[in-house]
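Only one structure is covered here, and it is reproduced in the block below.
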Amino acid sequence: MSSPWPVSWTGWGPYMPPGYHLIWGWRIAAAVFLTALGSMTMLLAAVYNVRGKVSRMVKINMTAGWIFILGALAFFVIDLGRPDRAGNIIFIGYPNGRLAQSWMDWGVLFLSGMVIWGIIYLAITYIPSLARAVLGKYIRPTQIVLDYLIMLTGIAATVYTAFLFAAAGGKSYWWNGVLPLLWLSSGLAYGSAFSLLVTRFFEKSVTTAVPVKADGGTSELAHVLHELSWLDLLAEIFEGFGWALFIAVAMANHYLAGLDLYELLFGAYAPMFWGVVISIGIAIPLLLEIALLRVNPLNRTAAVMIAIIFVAVIVGGYTLRYVVIATAYFHTPITPFYNTQPQWGPWWG
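Residue 153 in this note's numbering sits at position 152 of the sequence shown; the count goes up by one each step and never skips.
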């Protein structure tokens, strides 16, 4: 962490810009972003595997999502500063009779679950001889069970950091009940954009000369692409709605949250928020998704649109996580005599 000096002085106390006292910075933002991307990518693969569609996309999504989850765990461990002790967090609650002591502990368990389900799933996919020897005729039922486990654990892994931030003391900006909605909707946008890209470019070969019909052959692939477009469109809409609610709650929250919110909307982080998160991450994909629903998703124009949607959603998605984390540290320091309590905490386990 950078040295807090030099600092400039305001009317009553020191004022420290974010670069001087970011405890959670870009590494945690990357970890949270990769958690959502990996979890929702695997979740959508599980959904389509249950339905028996786009098998190549399912295989690629499961593999890529599992790698994203490993990347998220790596960033979490690196940010801890003592990687050799990272595994201890799982066992902290045991002396007190709990499976986990905090939301951070639960998050490690959720992410570990995604890793374990992914290992089993990939073993069945890439080592079919071993799967047949161990599971016999129960390969497909085992995959279905894993699909539902991935769906449930993926949602939990995506939203747990929202509760983790809400339980953080001294940061009223994060005490916002809308964070789970914002995290889940944006994560679903990442996963659907990635799935849209994989399905369009890596599913079975198609020809744009074949018209889109109601059923069969190429039309089924086109139907899935339109389905994923709708999903990404709705996720972007809910993400925008989530931001509106988040801002409204922050305005009604403690006055310190208003200081951070000002920096987000009008201050140091306004260019990142309005220029990257809103314009690139939400507005551009939203407009392109609407246009994509009106054309044949198998033609060349649609391929270019899908590639732009993916890049825009990913860039805006990481920036979203970063500004929510970074702006919480942009405030005049709390006096030593001021006590704060979070709205909620780890009430289960």
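Yeah, the Cβ is synthetic: ideal placement off N, Cα and C, and Gly gets one too. All of these numbers come straight from a predicted model, not from anything done at the bench.
A Cβ-Cβ contact shorter than 9 Å links L74 with V116. In this structure, DSSP gives V135 a helical state, which the three-state scheme calls helix. In the structure shown, R295 adopts coil according to DSSP, grouped into three states. Judged by DSSP in its simplified three-state form, V199 adopts helix. By the neighbour-count criterion, in which 16 or more other beta carbons inside 10 Å mark a residue as buried, V324 falls on the buried side. Put simply, the backbone Cα of P298 is about 40 Å away from that of W175.
The continuous stretches of alpha helix (DSSP H) do not include S173, and DSSP gives it neither H nor E. Using a C-beta cut-off of 8 Å, the segment 236-246 makes contact with the segment 181-197, since at least three inter-stretch Cβ pairs fall below that distance. Between E221 and S173, the alpha-carbon positions lie close to 48 Å from each other.
For W27, the enclosing alpha helix (DSSP H) stretches over residues W27 to R52. Annotated as distal: L294 and I307, with beta-carbon spacing of 9 Å or more. Considered as a whole, the segment 249-301 harbours 256-266 and 285-293 as its complete alpha helix (DSSP H) runs of no fewer than 4 residues, in chain order. For A168, the three-state secondary structure derived from DSSP is coil. The distance from the Cβ of A245 to that of L262 is about 13 Å, inconsistent with a contact at the 8 Å cut-off. Sequence-distant Cβ neighbours of A158 in its own chain, meaning closer than 6 Å and more than five residues away, are T36, S40, F111, L112 and M115. Of the candidates G241, N62 and A304, the residue whose Cα lies closest to the Cα of G317 is G241. Contact annotation: I285 and T320 have beta-carbon atoms that are not nearer than 9 Å. Contact annotation: A194 and V314 have beta-carbon atoms nearer than 9 Å. Closest in alpha carbon position to H227, among L147, I120 and N300, is N300.
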